[in-house]
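According to my numbering, the residues represented by the sequence shown are 6 to 254, in order. Ideal placement from N, C-alpha and C gives every residue a C-beta, glycine not left out. This one's a predicted model, so the numbers in the text were calculated from it and none came from an experiment.
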Amino acid sequence: MIRALILIALVALPACGSSANECSPQASCYVKPKVTVFAAASLQPAFDKIAERLHFSATFNYAGTQTLTSQLTQGAQADVFASADTAHMTTLQHAGLIQDAPQVFAHNRLEIAVANGNPKAIHSLADLARGGLVVVLADPSVPAGQYAQQALAKAGVTVKPASLELQVTAVLSKVAVGEADAGIVYVSDVVTSGKVEGVAIPDSQNVIAAYPIATLKDAQNKGAATDFIGFVLSSDGQSILKAAGFESA
């Protein structure tokens, strides 16, 4: 009887061994891989869609790029970092926190967000300097804020914002709920919002943002991190990003 029980146990071992390679996805011992992604707030609509297509689970921390960079340099754990600019990615590289060379996976442009119907008749960056308008911008510490300042400088326009927000999504929200007449956001923000209209900024005044992505050196799930980045760069991932208003890498 004891010998029979031993044989049964030995037969069962391959289905649920101590090695991950011995545990198939169909076995009860299988633990679904997961990846933790720190991503710029503007990526949330696209990355949430991408998460629906993954064969593993993903946890996202969305915030301003500067906030994420600060969290990571202070020891926060993550597997992947997706930035809204190259400068903050470079900061993490210099800190020795990035595993491999970052890859640019998308680009974005700026647009003026206004209320549906554009009741204030805002048609250009110059209009943002008009008296009586409530204009909000992203803080200059945020990539979107830096880009907005560059665009305004190109246009030769000086704006006195009612507030400076630490996330570009906060700029969008204030316009959407009527707390502001206009704000400078990304094209992707307008496309995915559905609550505001966008006023195009000409190329001569616009700024093209590059979005890099990389695996972190201390990633606990490097396999899943590699797979996540691979999907973002794939044709399917690029299609999702394009539908969300981003331009291809």
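Please look up how many angstroms separate the CB atoms of residue i and residue j, rounded, as I've assumed it's under 8 Å.
i	j	result
residue 90	residue 50	With 8 Å as the limit, residue 90 and residue 50 do not qualify as a contact, their Cβ atoms being about 19 Å apart.
residue 156	residue 243	Contact flag wrong, Cβ pair sits at about 25 Å.
residue 43	residue 86	5 Å
residue 204	residue 119	6 Å
Look at the Cβ atom of residue i, then the Cβ atom of residue j, and state whether they are nearer than 9 Å.
i	j	result
residue 114	residue 236	no
residue 88	residue 217	yes
residue 117	residue 190	yes
residue 162	residue 142	no
residue 206	residue 252	no
State buried or exposed for residue i, treating a residue as buried only when at least 16 other CB atoms are found within 10 Å of its CB.
i	result
residue 34	Only weak support is given to the placement of residue 34: the predicted model assigns it a pLDDT of 44, under 50, and the question is left unresolved by the model.
residue 105	exposed
residue 71	buried
residue 15	Note that residue 15 has pLDDT 37, beneath the 50 cutoff, so the model's placement of it is unreliable and the number below is only indicative. Flag for residue 15 reads exposed.
residue 100	exposed
residue 165	exposed
residue 304	The first residue shown for the chain is 6 and the last is 254, placing residue 304 beyond what the model contains.
residue 26	For residue 26, the pLDDT reaches just 49, beneath the cut-off of 50, and the residue's location in the model is therefore unreliable, although a value from the coordinates is still provided. Under this definition residue 26 is an exposed residue.
residue 172	buried
residue 150	buried
residue 121	exposed
residue 137	exposed
How is residue i classed by DSSP in three states: helix, strand or coil?
i	result
residue 41	strand
residue 115	strand
residue 68	strand
residue 220	strand
residue 168	strand
residue 142	strand
residue 235	helix
residue 209	coil
residue 61	coil
residue 33	Reliability of the predicted coordinates at residue 33 is poor, the pLDDT of 49 falling under 50, and the value obtained from them is presented with this limitation in mind. Looking at residue 33 - three-state DSSP - the assignment turns out to be coil, as it is neither helix nor strand.
residue 129	coil
residue 108	strand
residue 175	helix
residue 203	strand
residue 242	helix
residue 88	coil
residue 247	helix
residue 122	coil
residue 156	helix
residue 190	strand
residue 26	Because residue 26 carries a pLDDT of 49, less than 50, the predicted location of this residue cannot be relied on, and the following value inherits that uncertainty. Helix.
Can you name, in chain order, every residue of its own chain whose Cβ lies under 6 Å from the Cβ of residue i, other than the five neighbours on each side?
i	result
residue 197	50, 249
residue 64	41
residue 176	141, 143, 170, 188, 190
residue 238	110
residue 224	84, 230
residue 233	40, 85
Return the chain-ordered list of same chain residues with a C-beta closer than 7 Å to the C-beta of residue i, the five sequence neighbours on each side being excluded.
i	result
residue 228	38
residue 98	none
residue 256	Summary: the structure shown does not reach residue 256, with the chain confined to residues 6 through 254, and so no result is reported for it.
Who are the Cβ neighbours of residue i in its own chain at under 8 Å, not counting the five residues just before and after it?
i	result
residue 179	141, 168, 170, 185, 188
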